[in-house]
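>
2 protein chains.
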Amino acid sequence: MSDVPERGSDRYIVISADGHAGLACEDYRPFLEARHHPAFEEYLAERMAHREESLKFNYDYIMGWETDNEEGLKGAYDPVVRNKELDADGVAADVLFADADAVTGVASPPFGAGLFAGAIDDPELAFAGARAHNRFLAELCSHTPHRRGGIALVPITHDVPRAVEEIEWVAAQPGLRGIMIPTMWRSRPPYGDAVYDPVWAACADAGLPVHTHSGEAPMEEYGDHTGIYLAEVVWWAARPAWHLLFSGAFERHPGLKFVVTEAAAYWAPDLMWKWDQYMGGGHTTKKMAALLQGKVSKLPSDYFGTNLFIGASTMSKEELRRRYVIGTDVVMWGTDYPHPEGTWPHTHERLRSDFGAIPVDDTADLLGLTAAHVYGFDLDQLRPIAATIGPSPDTLGQDASLRSDPQARATARWWKAEYGVVPPA
Amino acid sequence: MSDVPERGSDRYIVISADGHAGLACEDYRPFLEARHHPAFEEYLAERMAHREESLKFNYDYIMGWETDNEEGLKGAYDPVVRNKELDADGVAADVLFADADAVTGVASPPFGAGLFAGAIDDPELAFAGARAHNRFLAELCSHTPHRRGGIALVPITHDVPRAVEEIEWVAAQPGLRGIMIPTMWRSRPPYGDAVYDPVWAACADAGLPVHTHSGEAPMEEYGDHTGIYLAEVVWWAARPAWHLLFSGAFERHPGLKFVVTEAAAYWAPDLMWKWDQYMGGGHTTKKMAALLQGKVSKLPSDYFGTNLFIGASTMSKEELRRRYVIGTDVVMWGTDYPHPEGTWPHTHERLRSDFGAIPVDDTADLLGLTAAHVYGFDLDQLRPIAATIGPSPDTLGQDASLRSDPQARATARWWKAEYGVVPPA
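In order, the protein sequence lines correspond to chains S and D.
The numbering used here numbers the first residue of the first sequence as 1 and each following residue consecutively.
The numbering used here numbers the first residue of the second sequence as 1001 and each following residue consecutively.
#1: Is residue 1333/D near residue 1138/D, with beta carbons less than 8 Å apart?
#2: With 8 Å as the threshold, decide whether the Cβ of residue 1179/D is near any Cβ in chain S.
#3: Is the beta carbon of residue 1295/D sitting closer than 8 Å to the one on residue 1248/D?
#4: Hey, out of 375/S, 39/S, 210/S, whose CA is closest to residue 175/S's CA?
#5: For the alpha helix (DSSP H) containing residue 1235/D, list its first residue and its last residue.
#6: Tell me, please, whether the CB atom of residue 262/S is closer than 8 Å to any CB atom in chain D?
#7: Mind listing which residues of the stretch 243-276 of chain S have their C-beta closer than 9 Å to chain D's C-betas, in chain order?
#8: Report all residues from its chain with a CB closer than 6 Å to the CB of residue 337/S; omit the five preceding and five following residues, and keep chain order.
#9: What is the C-beta distance between residue 164/S and residue 109/S, in whole angstroms, given that I count them as a contact (C-beta under 8 Å)?
#10: Rounded to the nearest angstrom, what separates residue 257/S and residue 223/S at their Cα positions?
#11: Taking 6 Å as the limit between beta carbons, can you name the residues of its chain near residue 1008/D, skipping five residues before and five after?
#12: Let me know if residue 57/S comes out buried or exposed under the rule of 16 or more other beta-carbons within 10 Å of its beta-carbon.
#13: Can you check which of these residues, 421/S, 414/S, 419/S, 391/S, is closest to residue 90/S by C-alpha distance?
#14: Give, in chain order, every unbroken run of the beta strand (DSSP E) that is at least 3 residues long and sits entirely within the stretch 100-177 of chain S.
#15: Residue 1243/D: which of 1075/D, 1185/D, 1024/D, 1051/D sits nearest, CA to CA?
#16: Tell me the rounded alpha-carbon separation between residue 105/S and residue 51/S.
#17: Could you check whether residue 231/S and residue 1200/D sit closer than 8 Å to each other, using their CB atoms as the reference points?
#18: Can you tell me where the beta strand (DSSP E) with residue 1018/D in it begins and where it stops?
#19: Judging by CA-CA distance, which residue of 1250/D, 1082/D, 1123/D, 1093/D is the nearest neighbour of residue 1297/D?
#20: Contact between the stretch 129-136 of chain S and the stretch 19-33 of chain S: three or more CB pairs below 8 Å?
#21: In chain order, what residues of the same chain have a beta carbon less than 7 Å from the beta carbon of residue 40/S, not counting five sequence neighbours either side?
#22: Report the start-end ranges of each alpha helix (DSSP H) in the stretch 1330-1387 of chain D that is 4 residues or longer and not cut off at the edges.
#23: Anything in chain S within Cβ reach of residue 1317/D, meaning under 9 Å, just list it in chain order.
#24: Look at residue 322/S and residue 266/S and say whether their C-beta atoms are less than 8 Å apart.
#25: Which chain S residues are close to residue 1295/D, counting only those with a beta carbon under 7 Å from its beta carbon?
#26: Which two residues bound the contiguous beta strand (DSSP E) that contains residue 311/S?
#27: If I follow the unbroken alpha helix (DSSP H) through residue 411/S, where does it start and stop?
#28: Can you check whether the CB of residue 1098/D is closer than 8 Å to the CB of residue 1115/D?
#29: Rounded to whole angstroms, what's the CA-CA distance from residue 423/S to residue 300/S? Just pull it up for me.
#30: Judging by CA-CA distance, which residue of 1359/D, 1315/D, 1264/D is the nearest neighbour of residue 1006/D?
#31: Just tell me which of 65/S, 2/S, 293/S has its CA closest to the CA of residue 341/S.
#32: Where residue 1001/D and residue 1013/D are concerned, what is the direct C-alpha to C-alpha distance, given to the nearest angstrom?
#33: Based on Cα-Cα distance, which residue from 161/S, 117/S, 92/S, 55/S lies nearest to residue 216/S?
#34: If you run the structure through DSSP and keep just helix, strand and coil, what is residue 183/S?
#35: Using alpha carbons as the reference points, say which of 314/S, 59/S, 371/S, 418/S lies closest to residue 328/S.
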């Protein structure tokens, strides 16, 4: 049986490439070594003070969200509740990042070891927080592991040998399928530095995709100007992609996969265009092409779909319109459950509103098949689940006979012809 | 008489929004105070060693360029030669940034005070180098000042009161029409900091647009991976634009103009889309809109064309296709004379190849009228020059009856309708 619907009633296998899991802060205590408890009490007090502050400014919104969704929010740590919520949303499996509470941040790993790990000074605390979360996550994901893509925290910037040890532990846990590294390296070596080669080698060997997830940014440069944060946060999350690519990491580790998550996808086509152009696309860049020798052996855009992927979460309509140039083998949809800016608990409605005009084969890729490939989900195990709970072309209001246009696909990366770019010799 | 050609033989007034001027390094000596001469001799020795290195790797390219263009390259500092080269290229006036030698960097202001000013540690040297270049530039631009848009160097990051003094001096020089600030603030206050308000006020008062120009980037993070530099350099140049916008600088200084130069323009539409969306474009950003209160009073995209401009140099065909969404009142063409990646000495050919299908009114804006508005060039003085040397619809192979499509213009910023974004209350 094909995983691309052939009739209107056939179901899609939806794999959400962006979800979050986490305990209420204080519940991480048993996962932490006792010697870190004093530092943890300090961290907890800070977190709760932060929550009090947030409540002062935004009480109605916060309490409304938490009260209306009290039961479903427990899926952040309770696997039975999580499956129930996934089922109701039509999602067969999901990928789990840290920081389940995006509203007041009280379901974050100890010491901020989740989305803001780069900002931790002490390597001991960075690893203690990460390891506490990873042990909780492994427990959560050992329940129905075929429906889980747990993304473990590994602060590679803080200690490469310890990072490699943790990666080897992660590789053995059922339901853990990737690692997240700090978005920012700050004063530590940048990701193009060869010091990280043991990390990339370990991840390539274990088939664990490496992620950044949006969140961290140089807040100290923003003052109280939130607009600046919004304008930059996506760039900081995506930045490691070109540091890996142009430092030759994918040449030295051809099996390495890097995924940028919840940092949108609209930016990918223009980057591909400009990057490919460095390879000899005409007069303006003539003086530079020679400088890329030995770093890349293909056109930069050709690393997308083999080494570079995008977990775009709840894509915009414009990103769906750009799907061929971004690549339906590159970009993955996600609900962002249980964050309030995501589609949960209204995923069916959102899919219907955005995917009505999208061909079924593209829809199947974007909603699940690309994620299955990236994370190694077993479709044989997910198919029976999807057959009961998944959306179908009919429920999405699609014309089930509509298929991808091969010509539109083939010419989507327009600059290849316009600039006559060719792979490096 | 209209400045938009009505017949095929009418000439365009071309104002190149990106050119470079500079002395051979050692010729800056007389413009430097004697107390800086010892530091200058050290700097010179470094520069010459750098040139020797470059020659080792790239002798044929460098010597070929310098020999073939020996006479024309003197226009970097000789106003008579410059006018002759502008005439031959069909350019009525041009905007002059520092660092005339983009090949081996031996026409850079002392101490790297041009495109890499942010990297200078000692404020004394930063200002000494800037002032030396500015005195040379004022002399150059005092010759036929109506054809010159000199952009003075002001290292505002290094000393705000001295910067304001220098800006007041610049404002009084015929032919100086703007200032360039360091692209990177590095460890100094970021451009959203209120500490710079006296600078913005002085520039707004004097009608001097503030610029960044691509070049500087955090090289210390790139190792020998040139591809990373290429992938980021545009972002670092553009970055101050959103720091000014979202810190409210254009609200406090409505007359302030900021121009990003030689950092392309392709990125502007997506930034406008995302920025406008923060203002209330739907579910995903609902939790953020309130945080922008008081920083902006219009939609972010509406600051383009009043406060934000782009000197895109030799635009790509794709950027020309995106001209309505970027704004023909925003983006300005330039030759980049005398850099080898620019169009000089083949500007007519390049214009013919790129502008053949562009309507004449758009062409007139892109090639000159927008720059005249931004920099306050006197069109009455430029018209007779252009009437002799400028390109015409006929020489560009255009259909002189073709005019801009008002409907395409009006709907180019598609997200306004799709997201129903509205200006802040």
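Glycine is no exception: its CB is placed at the ideal position from the N, C-alpha and C atoms.
Well, looking at it:
#1: no
#2: no
#3: yes
#4: 375/S
#5: Element bounds for residue 1235/D: 1226-1246.
#6: no
#7: Hits within the stretch, in order: 243, 245, 246, 247, 248, 264, 266, 267, 270, 271, 273, 274, 275.
#8: 19, 344
#9: 20 Å between Cβ atoms; not a contact.
#10: Taking the CA atoms as reference points, residue 257/S sits about 35 Å from residue 223/S.
#11: Taken in chain order, the residues that qualify are 1393, 1394, 1400.
#12: Looking at its Cβ environment, which holds fewer than 16 other Cβ atoms inside 10 Å, residue 57/S is exposed.
#13: 391/S
#14: As far as the stretch 100-177 of chain S is concerned, its whole beta strand (DSSP E) runs of at least 3 residues are 148-153.
#15: 1185/D
#16: 7 Å
#17: no
#18: 1015-1020
#19: 1250/D
#20: yes
#21: 29, 32, 110
#22: 1347-1355, 1360-1364, 1370-1375
#23: Per Cβ cutoff of 9 Å: 418.
#24: Inclusion of residue 322/S and residue 266/S in the CB contact set at 8 Å is warranted, their separation being smaller than that value.
#25: The contacting residues are 225, 227.
#26: 308-313
#27: 406-411
#28: Between residue 1115/D and residue 1098/D, the C-beta gap is smaller than 8 Å, which places the two residues in contact.
#29: 8 Å
#30: 1359/D
#31: Just measuring C-alpha positions, the residue of 65/S, 2/S, 293/S sitting nearest residue 341/S is 65/S.
#32: Reliability fails at residue 1001/D, whose pLDDT of 49 lies under 50, so the model's placement of it is uncertain and no value is given.
#33: 117/S
#34: coil
#35: For residue 328/S, the nearest C-alpha among the options comes from 371/S.
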